[in-house]
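Asker:
Residue numbers (the working numbering): 2 to 337.
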């Protein structure tokens, strides 16, 4: 195979697994979440000195903040093999048993979206986490019997976007710690964009970095997505990646100066124009937008509330004065 063919093959691999390419592979490359990193450093160092696997760990927070990346970094730091699965993929007790019995001593089992585990499967997971045993029932009725299997020492790392849906008994068994990932600052997002641009070999000007950062919803995954789309726009238009290019590229995506998408703005406009700024109930907003209530509440509302554009009250949602100003609408938020 020629050098050109090798290069093309490498480029193809990067294109197919770009998110993996941008994922930090060392602790010093992981930007932000300092408190969590400090705690993990102590936990992992102490476990290594005792020659024991780290205790079970749970990460929670909104999507795109780096929960999976932290799990991979822990595996690299400890030199352990990591087996990856997800809550929805474990449908039966047998599925969990198959995963657990195939672990070797010191392995890490990473379960993403663990809140979607069936409650019956959770019951089987309890003794596996606490005592390293797996109880399996064979047969049915009077002839049924229980077999107890000993599992090798392992570490369970779990991630969830909805910690309230995890039962209290399961949460309490994460003896290594339950860590909440916070949103990033604009400065941290800017550092992440610079690092990603360097990996992707993108020449980007400082003001363009700032422009992407302030529109990235405090989330690294969104920042990397915006960077890649701006790169595409610059490439097609044979232009360097400047602030002007970023503004044009993100305008095509419907992302405004505050990072709001067209769907975010539509929610605010609906509350203002159709319901006089509120208060208005969630189900009414969802019906007016032809969206599901859960989508409005869990996908769009958190960022609008975080920016102070939307308020939740006992009587319903209210568009704030800041929302009127951002959209250039006349009037003011209705007072309760």
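The beta-carbon is built from N, C-alpha and C at its ideal position, and this holds for glycine as well.
Assuming residue 68 is part of the alpha helix (DSSP H), what are its boundary residues?
Answerer: 68-79
Asker: Could you tell me if residue 68 is buried or exposed, where buried requires 16 or more neighbouring beta carbons within 10 angstroms of its beta carbon?
Answerer: buried
Asker: The beta strand (DSSP E) that contains residue 83, what's its start and end?
Answerer: Here the beta strand (DSSP E) through residue 83 covers 83-87.
Asker: Going by DSSP, which residues form a beta bridge with residue 58?
Answerer: DSSP links residue 58 through a beta bridge to 158, 178.
Asker: Relative to the C-alpha of residue 214, which candidate in 228, 204, 320 has its C-alpha closest?
Answerer: 228
Asker: Would you kindly work out how many angstroms separate the C-alpha atoms of residue 208 and residue 247, rounded to a whole number?
Answerer: Cα to Cα, residue 208 sits roughly 10 Å from residue 247.
Asker: With a threshold of 7 Å on Cβ separation, who are the neighbours of residue 174 within its own chain once the five nearest residues in sequence on each side are excluded?
Answerer: Counting only Cβ-Cβ distances below 7 Å, and skipping sequence neighbours, we find 57, 127, 130, 131.
Asker: Pick helix, strand or coil for residue 254, following the three-state DSSP scheme.
Answerer: Taken through DSSP and simplified to helix, strand or coil, residue 254 comes out as coil.
Asker: Taking residue 88 and residue 114 to be in contact with their CB atoms under 8 Å, please state how far apart those CB atoms are, rounded to whole angstroms.
Answerer: Taking 8 Å as the upper bound for CB-CB distance, residue 88 and residue 114 are in contact here, some 4 Å apart.
Asker: Express the C-alpha separation of residue 106 and residue 313 in angstroms, rounding to a whole number.
Answerer: Linking residue 313 to residue 106 through their CA atoms gives a straight-line distance of about 49 Å.
Asker: Would DSSP call residue 149 helix, strand or coil?
Answerer: strand
Asker: Could you check which residue in 116, 199, 297 has the C-alpha nearest to that of residue 24?
Answerer: 199
Asker: Report the three-state DSSP secondary structure of residue 276 (helix, strand or coil).
Answerer: helix
Asker: Apply the 10 Å Cβ neighbour rule to residue 204 and answer buried if 16 or more other Cβ atoms are within range, or exposed otherwise.
Answerer: exposed
Asker: What are the residues that DSSP puts in a beta bridge with residue 314?
Answerer: 317
Asker: Taking Cβ positions only, does residue 82 come closer than 8 Å to chain D?
Answerer: Among the chains in the structure shown there is no chain D, since it carries only a single protein chain.
Asker: Just curious, the alpha helix (DSSP H) that residue 233 is in, first and last residue?
Answerer: 221-237
Asker: Can you tell me the Cβ-Cβ gap for residue 37 and residue 157, rounded? I've got them flagged as a contact below 8 Å.
Answerer: Wrong, their Cβ atoms sit about 17 Å apart, outside the cutoff.
Asker: Return the residue from the list 279, 274, 243, 73 that minimises the CA-CA distance to residue 28.
Answerer: 73
Asker: Residue 134 bridges to which residues according to DSSP?
Answerer: 151
Asker: Would the beta-carbon of residue 281 fall within 8 Å of that of residue 318?
Answerer: yes
Asker: Applying the 10 Å Cβ sphere with the 16-neighbour rule, what's the burial state of residue 43?
Answerer: exposed
Asker: Would residue 54 be called buried (16 or more neighbouring beta carbons within 10 Å of its own) or exposed?
Answerer: Counting of Cβ neighbours within 10 angstroms places residue 54 among the buried residues, the total reaching 16 or more.
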